[in-house]
Amino acid sequence: MEEKKFDKQSMIGFLLIGAILLFMLWQNQPTEEELAAQKAQEEQVEAQEAAAEKASQTDAVVESTTPQNDSLALERYKATLGSFAYSATLPSATDDVTELENDVLALKVSNKGGFITEARLKNFKSYDSVPVYLIKDGNSRFNLTFSTTDNRTLNSENLYFEPSLSKEGENQVLSMKLKVSDSEYLEYRYTLTPDDYMMGFGIKTVGLQNVVNTSQPINLDWQLKGYRHAKSITYENRYTRLTYEYEEGDHDKLDQTGDDDAIETDVDWFNFRQHFFSSILLTDQPFDEVRFSSKNLVEDEEVDTVYTKQYAANMTLKPVNGELNYAMDFYYGPTDYQILNNYDRDIDEAMPLGWGIFGVINKYLIIPFFNFLIAYFPAGIAIILLTISIKLLLSPVQYKQYLSQGKMKVLRPEINEINEKYADNPMKKQQETMKLYSKAGASPLSGCIPGLLQIPVFYALFTFFPSAFALRHKSFLWADDLSSYDKIADLPFHIPFYGDHVSLFPILASIAIFIYMTMTTGQSMQQTQQPGMPNMKFLMYLSPIMMLFFFNNYASGLSLYYFISNLITIGIMLVIKNFILDEDKIHAKIATAKAKPKKKSKFSQKFSEMMEQAEKQQRNK
1 MEEKKFDKQS MIGFLLIGAI LLFMLWQNQP TEEELAAQKA QEEQVEAQEA
51 AAEKASQTDA VVESTTPQND SLALERYKAT LGSFAYSATL PSATDDVTEL
101 ENDVLALKVS NKGGFITEAR LKNFKSYDSV PVYLIKDGNS RFNLTFSTTD
151 NRTLNSENLY FEPSLSKEGE NQVLSMKLKV SDSEYLEYRY TLTPDDYMMG
201 FGIKTVGLQN VVNTSQPINL DWQLKGYRHA KSITYENRYT RLTYEYEEGD
251 HDKLDQTGDD DAIETDVDWF NFRQHFFSSI LLTDQPFDEV RFSSKNLVED
301 EEVDTVYTKQ YAANMTLKPV NGELNYAMDF YYGPTDYQIL NNYDRDIDEA
351 MPLGWGIFGV INKYLIIPFF NFLIAYFPAG IAIILLTISI KLLLSPVQYK
401 QYLSQGKMKV LRPEINEINE KYADNPMKKQ QETMKLYSKA GASPLSGCIP
451 GLLQIPVFYA LFTFFPSAFA LRHKSFLWAD DLSSYDKIAD LPFHIPFYGD
501 HVSLFPILAS IAIFIYMTMT TGQSMQQTQQ PGMPNMKFLM YLSPIMMLFF
551 FNNYASGLSL YYFISNLITI GIMLVIKNFI LDEDKIHAKI ATAKAKPKKK
601 SKFSQKFSEM MEQAEKQQRN K
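At position 246 of the sequence shown (counting the first as 1) the number is 246 in UniProt numbering, and the numbers step up by one without a gap.
This is the structure we're talking about:
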């Protein structure tokens with residue numbers, strides 16, 4: 001290979017070229033006069049663009065003044081509305097609100113825009129004892145954008161609707177009409193039933209075939225910034241997520257941590273979920289296309305943040321025979337599986353209960369049983385009883401796991417002998433080990449399989465507790481809210497991934513996990529560490545530490561479950577070890593099994609032949 005040498009002439013040439021370029025740039029830089037002229041030209045262009053934009057905004061006047069309070073503004077406002085100028089002459093062209101209320105929900109609907117400006121859940125409080133508001137102080141925007149036949153683009157959020165509140169049986173009905181005339185209008189219709197979080201909502205037009213240009217898109221835009229309601233903004237935001245149903249029963253969600261967006265077709269409903277509370281829009285006639293977006297508003301968990309996420313959904317509405325007629329519903333209420341499931345519209349799928357078998361276990365086993373327990377016992381006691389019940393249910397599986405561990409412990413001396421005898425022949429060592437397992441009727445997999453069978457239940461519980469609305473604001477011992485962390489001390493600083501406080505239940509659970517792992521991995525650590533195998537001592541310390549850090553900001557109900565679960569497991573292991581399993585009897589059974597001739601299956605015979613052939617090939621090499 002030719003040796004590369006440093007070329008001084010080339011380097012000098014590159015430096016000279018660079019110096020010449022820099023000199024040319026310096027020589028050709030604009031003078032102060034030229035910069036001033038360029039700046040003046042840019043300002044003139046910006047002023048022209050601003051004037052053009054201001055002239056094109058047909059409803060800009062509404063943003064600055066109420067038409068009824070200024071005759072000149074009223075005339076300008078009416079001029080921008082064209083056929084809808086009639087709505088500006090009505091007494092309702094003010095920012096007044098109409099109130100709707102039942103036993104669980106209190107709403108305010110504004111004349112301007114015709115939409116809900118305040119939604120309060122009457123039976124719930126935030127972590128700081130403030131009433132739970134899902135909509136308040138301009139955190140929500142609801143706007144219908146449409147074009148008119150005289151080439152105007154109007155936004156309903158800037159126009160004035162005429163309210164009419166009436167009774168239909170026990171229901172309250174609020175009609176909000178944006179009028180062209182008394183017989184031509186756009187109507188938002190709200191129907192509030194007693195003691196219900198679900199409210200009927202409809203959008204329809206009457207007599208506007210020659211007013212609204214239906215050849216242009218008609219878009220409904222709903223935006224919402226979710227208020228913070230829990231102590232841990234990080235924990236709450238983890239379960240604050242936009243979810244939706246589309247294409248006749250499929251369900252999906254946007255990212256729960258960062259910013260995300262999606263375009264879906266045939267959307268039946270979507271949920272602006274705020275962990276324990278939901279704002280849902282449902283439609284009987286699926287939206288042809290919806291553009292979803294979600295933006296994370298929590299930039300720093302140490303800052304006292306007001307909002308969690310910014311949601312948006314832009315829907316395309318489809319007129320029929322020149323008119324709109326959409327029957328919909330709004331749900332403002334708790335994200336409670338029992339409540340959502342009662343509506344029989346699949347909105348319970350908005351809850352993070354796990355996919356597949358995990359969700360099935362939660363819906364048909366854990367949730368019904370826990371709801372039964374919490375109806376008769378305090379929440380903390382209900383968690384303990386749930387834990388005991390699950391442990392009893394899984395006890396046969398755990399017994400088989402411990403029995404397998406007992407057999408492996410009895411065989412360990414013989415396995416160590418094989419490892420030492422065939423230390424330089426991994427193939428032979430594997431072959432002899434498998435022979436020993438086969439004769440003794442033992443297998444490492446017989447201990448793993450029972451453990452795998454327990455995983456679906458453990459994961460289902462992991463998803464259940466953070467979503468259990470029944471735990472919200474329920475106290476137990478020192479924990480004042482089992483749906484949040486159980487703080488016992490504040491820290492003068494913030495520890496990454498841990499927080500600025502100390503929770504006690506995660507500490508107790510970590511100690512219990514450490515004791516359990518000491519009991520189950522202690523024997524394994526006594527063996528010589530094999531290459532490629534994980535360091536068992538490292539894992540024994542890592543798991544409790546991860547538990548301590550990860551669960552410090554989690555629901556204390558989940559930490560309580562893990563603490564009690566590991567205590568029961570330790571107790572069961574001690575009972576089985578000292579009173580049920582007899583190592584001498586196990587040893588005798590293994591000796592008897594080894595003495596009996598065991599007929600090999602075709603698979604075992606074939607596997608042995610393959611191992612012997614591989615060993616022979618290795619010796620020949």
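C-beta: ideal position from N, C-alpha, C; glycine also. Because the structure is a prediction, the values reported are computed rather than measured.
Bridge-paired residues (DSSP) for residue i
{"i": "E323", "result": "V320"}
{"i": "S556", "result": "Its beta-bridge partners do not exist; DSSP assigns none."}
{"i": "R120", "result": "A106, Y133"}
{"i": "L273", "result": "Rather than Leu, the amino acid found at residue 273 in this sequence is Arg. BP columns for R273 point to S278."}
{"i": "N143", "result": "D221"}
{"i": "E264", "result": "V290"}
{"i": "K204", "result": "E187, N325"}
{"i": "K125", "result": "P131"}
{"i": "K309", "result": "N296"}
{"i": "T153", "result": "S147"}
{"i": "Y160", "result": "K112"}
{"i": "V173", "result": "S166, T191"}
{"i": "S181", "result": "E184"}
{"i": "M198", "result": "Y331"}
{"i": "E245", "result": "H251, W269"}
Distance CB(residue i)-CB(residue j) smaller than 8 angstroms
{"i": "R228", "j": "V306", "result": "yes"}
{"i": "T191", "j": "V173", "result": "yes"}
{"i": "L482", "j": "F563", "result": "no"}
{"i": "N219", "j": "Y244", "result": "no"}
{"i": "residue 667", "j": "N171", "result": "Because the chain in this structure spans residues 1 to 621, residue 667 falls outside the shown range and cannot be described."}
{"i": "L281", "j": "W269", "result": "yes"}
{"i": "Q274", "j": "S140", "result": "no"}
{"i": "I568", "j": "T387", "result": "yes"}
{"i": "Q469", "j": "P319", "result": "Reading the sequence as shown, one finds Phe at residue 469 and not Gln. No, Cβ-Cβ distance for F469 and P319 is not below 8 angstroms."}
{"i": "N362", "j": "F464", "result": "yes"}
{"i": "N342", "j": "D221", "result": "no"}
{"i": "V104", "j": "Y197", "result": "yes"}
{"i": "N111", "j": "F146", "result": "no"}
{"i": "Y239", "j": "P352", "result": "yes"}
For residue i, the three-state DSSP class (helix, strand or coil)
{"i": "K231", "result": "coil"}
{"i": "M517", "result": "helix"}
{"i": "E168", "result": "strand"}
{"i": "E99", "result": "strand"}
{"i": "T148", "result": "strand"}
{"i": "G114", "result": "coil"}
{"i": "P378", "result": "coil"}
{"i": "A92", "result": "First, the residue type needs correcting, since residue 92 is Ser and not Ala in the sequence shown. Here S92 sits in coil by DSSP."}
{"i": "Q285", "result": "strand"}
{"i": "G571", "result": "helix"}
Pairwise C-alpha distance: residue j and residue i
{"i": "A262", "j": "K295", "result": "12 angstroms"}
{"i": "N566", "j": "Y516", "result": "7 angstroms"}
{"i": "K429", "j": "P413", "result": "14 angstroms"}
{"i": "residue 622", "j": "F124", "result": "Residue 622 lies beyond the residue range present for the chain, which begins at 1 and ends at 621; the question has no answer from this structure."}
{"i": "F287", "j": "D128", "result": "38 angstroms"}
{"i": "Y86", "j": "V206", "result": "15 angstroms"}
{"i": "L340", "j": "Y246", "result": "18 angstroms"}
{"i": "L471", "j": "Y485", "result": "12 angstroms"}
{"i": "A119", "j": "T316", "result": "25 angstroms"}
{"i": "D250", "j": "I135", "result": "28 angstroms"}
{"i": "Q310", "j": "K225", "result": "4 angstroms"}
{"i": "residue 623", "j": "L178", "result": "With the chain covering 1 to 621 only, the question about residue 623 has no answer from this structure."}
{"i": "K167", "j": "S175", "result": "11 angstroms"}
{"i": "E264", "j": "V290", "result": "5 angstroms"}
{"i": "I381", "j": "G557", "result": "11 angstroms"}
{"i": "L159", "j": "G200", "result": "22 angstroms"}
{"i": "T234", "j": "D300", "result": "9 angstroms"}
{"i": "A555", "j": "P466", "result": "6 angstroms"}
{"i": "F549", "j": "V502", "result": "10 angstroms"}
{"i": "V130", "j": "K122", "result": "11 angstroms"}
{"i": "Y326", "j": "L186", "result": "12 angstroms"}
{"i": "M427", "j": "F369", "result": "51 angstroms"}
{"i": "S183", "j": "L208", "result": "9 angstroms"}
{"i": "P396", "j": "K474", "result": "33 angstroms"}
{"i": "Q530", "j": "L504", "result": "Low per-residue confidence applies at Q530: pLDDT is 47, beneath 50, and the placement is therefore not dependable, though the value from the model is reported in the following sentence. One C-alpha to the other measures close to 37 angstroms."}
{"i": "F462", "j": "E417", "result": "42 angstroms"}
{"i": "P456", "j": "I367", "result": "15 angstroms"}
Task: Uninterrupted beta strand (DSSP E) stretches inside the stretch 327-368 (no shorter than 3 residues) - done: none
TODO: Let me know the beta strand (DSSP E) ranges lying completely inside the stretch 468-516, each 3 residues or longer, listed in chain order.
DONE: Listed in chain order, they are 487-495, 499-503.
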